[in-house]
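Under this note's numbering, the sequence shown has 941 at position 97, and the numbering climbs by one with no breaks.
Virtual Cβ for every residue (Gly too), placed ideally from N, Cα, C.
Just so we're clear, the structure is a prediction, and the values are computed from it rather than from any experiment.
Following: one structure in C-alpha coordinates, then a few remarks.
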Amino acid sequence: MANIGIKDTEFIRGNVPMTKEEIRILSVAKLQLEEDSIVYDIGAGTGSVSIVAALQCVKGTIYAIERNSEGVELIHANKEKFGVTNLQLVEGTAPDCLETLPAPTHVFIGGSGGKLIDIIRTVREKNPKARFVLNAVTLETLGEIQKIREAFPEYEDIEVIQVGVSKSRKLGEYHLMTAENPVYIITLKG
(Lines of atoms letter the chains of each structure in order from A and count residues from 1; the text may use other names and numbers.)
(Lines give C-alpha, C1' and ligand atoms only; values in the text may rest on other atoms or scores of the structure.)
Protein backbone atom coordinates (compact mmCIF):
# COMPACT_ATOMS: atom_id res chain seq x y z
CA MET A 1 0.00 0.00 0.00
CA ALA A 2 1.01 3.59 -0.59
CA ASN A 3 2.61 5.83 2.01
CA ILE A 4 0.00 7.47 4.25
CA GLY A 5 2.45 10.05 5.59
CA ILE A 6 2.02 12.82 3.03
CA LYS A 7 3.26 16.12 4.45
CA ASP A 8 0.71 18.90 4.98
CA THR A 9 2.81 21.22 2.81
CA GLU A 10 2.27 18.94 -0.20
CA PHE A 11 -1.46 19.71 -0.31
CA ILE A 12 -2.92 22.75 -2.02
CA ARG A 13 -4.42 24.72 0.86
CA GLY A 14 -7.01 27.43 1.30
CA ASN A 15 -9.23 28.68 4.08
CA VAL A 16 -11.06 25.42 4.73
CA PRO A 17 -10.09 22.97 7.47
CA MET A 18 -7.64 20.19 6.74
CA THR A 19 -6.99 17.08 8.79
CA LYS A 20 -3.37 17.56 9.83
CA GLU A 21 -0.67 15.03 8.97
CA GLU A 22 -0.33 13.21 12.30
CA ILE A 23 -4.09 13.01 12.82
CA ARG A 24 -4.58 11.95 9.20
CA ILE A 25 -2.06 9.12 9.61
CA LEU A 26 -3.78 7.81 12.74
CA SER A 27 -7.29 8.23 11.31
CA VAL A 28 -6.47 6.37 8.10
CA ALA A 29 -4.75 3.63 10.11
CA LYS A 30 -7.88 3.29 12.29
CA LEU A 31 -10.03 2.93 9.15
CA GLN A 32 -8.15 -0.29 8.29
CA LEU A 33 -8.63 0.18 4.56
CA GLU A 34 -8.29 -2.58 1.96
CA GLU A 35 -7.19 -2.00 -1.63
CA ASP A 36 -10.82 -2.40 -2.82
CA SER A 37 -12.57 -0.38 -0.09
CA ILE A 38 -15.46 1.95 -0.87
CA VAL A 39 -14.87 5.03 1.29
CA TYR A 40 -16.96 8.07 2.15
CA ASP A 41 -14.94 11.08 3.36
CA ILE A 42 -17.68 13.29 4.81
CA GLY A 43 -16.70 16.91 5.37
CA ALA A 44 -13.69 16.38 3.13
CA GLY A 45 -12.34 19.96 3.39
CA THR A 46 -9.18 20.06 1.24
CA GLY A 47 -9.44 16.35 0.47
CA SER A 48 -6.31 15.31 2.35
CA VAL A 49 -7.92 12.16 3.83
CA SER A 50 -9.58 11.40 0.47
CA ILE A 51 -6.23 11.61 -1.33
CA VAL A 52 -4.48 9.31 1.13
CA ALA A 53 -7.41 6.86 1.01
CA ALA A 54 -7.39 6.92 -2.81
CA LEU A 55 -3.68 6.08 -2.83
CA GLN A 56 -4.36 3.20 -0.41
CA CYS A 57 -7.46 1.81 -2.14
CA VAL A 58 -6.16 1.44 -5.68
CA LYS A 59 -8.99 -0.93 -6.63
CA GLY A 60 -11.64 0.94 -4.63
CA THR A 61 -13.48 4.23 -4.87
CA ILE A 62 -13.34 7.21 -2.55
CA TYR A 63 -16.25 9.66 -2.38
CA ALA A 64 -15.16 13.08 -1.07
CA ILE A 65 -18.31 14.78 0.21
CA GLU A 66 -18.01 18.53 0.69
CA ARG A 67 -20.56 21.36 0.81
CA ASN A 68 -18.19 24.35 0.88
CA SER A 69 -17.45 25.72 -2.61
CA GLU A 70 -13.82 26.56 -1.77
CA GLY A 71 -13.36 23.03 -0.41
CA VAL A 72 -14.80 21.61 -3.63
CA GLU A 73 -12.23 23.58 -5.67
CA LEU A 74 -9.38 22.47 -3.40
CA ILE A 75 -10.40 18.81 -3.65
CA HIS A 76 -10.42 19.12 -7.46
CA ALA A 77 -6.97 20.73 -7.38
CA ASN A 78 -5.51 18.13 -5.00
CA LYS A 79 -7.06 15.28 -6.99
CA GLU A 80 -5.26 16.55 -10.09
CA LYS A 81 -2.01 17.23 -8.24
CA PHE A 82 -1.83 13.69 -6.83
CA GLY A 83 -3.20 12.07 -10.00
CA VAL A 84 -5.81 9.94 -8.26
CA THR A 85 -8.49 8.66 -10.61
CA ASN A 86 -10.50 6.67 -8.07
CA LEU A 87 -11.68 9.75 -6.17
CA GLN A 88 -15.17 11.04 -6.91
CA LEU A 89 -16.18 14.48 -5.65
CA VAL A 90 -19.72 14.79 -4.31
CA GLU A 91 -20.79 18.39 -3.78
CA GLY A 92 -23.52 18.52 -1.18
CA THR A 93 -24.54 18.04 2.41
CA ALA A 94 -24.61 14.67 4.12
CA PRO A 95 -26.73 12.71 4.69
CA ASP A 96 -28.91 13.99 1.82
CA CYS A 97 -26.27 13.53 -0.88
CA LEU A 98 -25.43 9.96 0.20
CA GLU A 99 -28.63 8.35 -1.06
CA THR A 100 -27.48 7.74 -4.64
CA LEU A 101 -23.97 6.55 -3.72
CA PRO A 102 -23.01 2.88 -3.48
CA ALA A 103 -22.76 1.35 0.00
CA PRO A 104 -19.47 2.18 1.70
CA THR A 105 -17.22 -0.24 3.53
CA HIS A 106 -15.48 2.58 5.44
CA VAL A 107 -16.53 6.10 6.44
CA PHE A 108 -14.38 8.97 7.68
CA ILE A 109 -16.25 11.91 9.17
CA GLY A 110 -14.20 15.07 9.52
CA GLY A 111 -17.28 17.30 9.70
CA SER A 112 -20.94 16.47 10.07
CA GLY A 113 -22.65 19.86 10.01
CA GLY A 114 -24.54 18.85 13.16
CA LYS A 115 -26.07 15.79 11.49
CA LEU A 116 -23.85 13.06 12.88
CA ILE A 117 -26.62 10.67 14.00
CA ASP A 118 -28.50 11.07 10.71
CA ILE A 119 -25.30 10.40 8.74
CA ILE A 120 -24.54 7.24 10.70
CA ARG A 121 -28.14 6.05 10.33
CA THR A 122 -28.12 6.66 6.56
CA VAL A 123 -24.84 4.81 6.11
CA ARG A 124 -25.98 1.91 8.29
CA GLU A 125 -29.08 1.49 6.11
CA LYS A 126 -26.69 0.95 3.19
CA ASN A 127 -24.18 -1.23 5.06
CA PRO A 128 -24.64 -2.05 8.76
CA LYS A 129 -21.06 -3.37 8.84
CA ALA A 130 -19.41 -0.15 7.62
CA ARG A 131 -16.48 0.96 9.77
CA PHE A 132 -16.54 4.59 10.94
CA VAL A 133 -13.72 6.85 12.06
CA LEU A 134 -14.70 10.32 13.28
CA ASN A 135 -12.52 13.25 14.24
CA ALA A 136 -13.83 15.58 16.94
CA VAL A 137 -12.22 18.88 17.84
CA THR A 138 -15.16 20.42 19.69
CA LEU A 139 -16.71 19.34 22.98
CA GLU A 140 -20.10 19.38 21.27
CA THR A 141 -19.03 16.69 18.81
CA LEU A 142 -17.41 14.69 21.59
CA GLY A 143 -20.71 14.93 23.48
CA GLU A 144 -22.43 13.20 20.56
CA ILE A 145 -20.77 9.89 21.53
CA GLN A 146 -23.42 9.22 24.19
CA LYS A 147 -26.15 9.90 21.61
CA ILE A 148 -24.46 7.43 19.25
CA ARG A 149 -24.44 4.81 22.03
CA GLU A 150 -28.14 5.39 22.67
CA ALA A 151 -29.15 5.38 18.98
CA PHE A 152 -26.92 2.44 18.04
CA PRO A 153 -26.55 0.09 21.04
CA GLU A 154 -24.78 -2.43 18.80
CA TYR A 155 -21.69 -0.19 19.10
CA GLU A 156 -20.81 -1.50 22.56
CA ASP A 157 -17.11 -0.90 22.13
CA ILE A 158 -16.68 2.64 20.83
CA GLU A 159 -12.98 3.45 20.83
CA VAL A 160 -12.05 7.03 21.71
CA ILE A 161 -8.47 8.26 21.72
CA GLN A 162 -7.35 11.81 22.37
CA VAL A 163 -4.28 12.99 20.47
CA GLY A 164 -2.25 16.06 21.33
CA VAL A 165 0.43 17.04 18.84
CA SER A 166 3.10 19.66 19.45
CA LYS A 167 5.53 20.79 16.79
CA SER A 168 8.81 22.61 17.13
CA ARG A 169 9.29 26.09 15.76
CA LYS A 170 12.37 28.24 15.69
CA LEU A 171 12.53 31.40 17.76
CA GLY A 172 15.90 33.11 17.39
CA GLU A 173 18.56 30.62 18.44
CA TYR A 174 16.07 28.36 20.18
CA HIS A 175 13.33 25.92 19.28
CA LEU A 176 10.01 26.00 21.11
CA MET A 177 7.16 23.52 21.04
CA THR A 178 3.81 24.81 19.81
CA ALA A 179 0.73 22.75 20.60
CA GLU A 180 -1.94 21.99 18.01
CA ASN A 181 -5.58 21.61 19.07
CA PRO A 182 -6.23 18.24 20.70
CA VAL A 183 -8.24 15.89 18.50
CA TYR A 184 -10.42 12.95 19.49
CA ILE A 185 -10.37 10.03 17.08
CA ILE A 186 -13.47 7.90 17.50
CA THR A 187 -13.82 4.44 15.92
CA LEU A 188 -17.13 2.63 15.47
CA LYS A 189 -16.47 -0.94 14.41
CA GLY A 190 -19.09 -2.33 12.06
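Contacting residues, own chain, Cβ-Cβ under 6 Å from residue i (five flanking each side not counted)
i     : result
L960  : E988
V1009 : E866, E1024
G915  : V860, G889
V1027 : I867, N979, V981, V1007
Residue i - DSSP class collapsed to helix/strand/coil
i    : result
V902 : coil
Q990 : helix
T853 : helix
V916 : helix
E910 : strand
Contact check, residue i vs residue j, beta carbons under 8 Å
i     : j     : result
P939  : I882  : no
I906  : S892  : no
L942  : Y884  : yes
I886  : V951  : yes
I1005 : I1029 : yes
I953  : F996  : no
A897  : L877  : yes
G904  : D880  : yes
Contacts around residue i, its chain only, beta-carbon distance under 8 Å, and the 5 residues preceding and following it disregarded
i    : result
D852 : M862, K864, E865, S892
Beta-carbon separation (whole angstroms), residue i vs residue j, contact threshold 8 Å
i     : j     : result
T1031 : K874  : 5 Å
T1022 : K1011 : 6 Å
Runs of alpha helix (DSSP H) wholly within the region 930-992 (minimum 4 residues, chain order): 960-970
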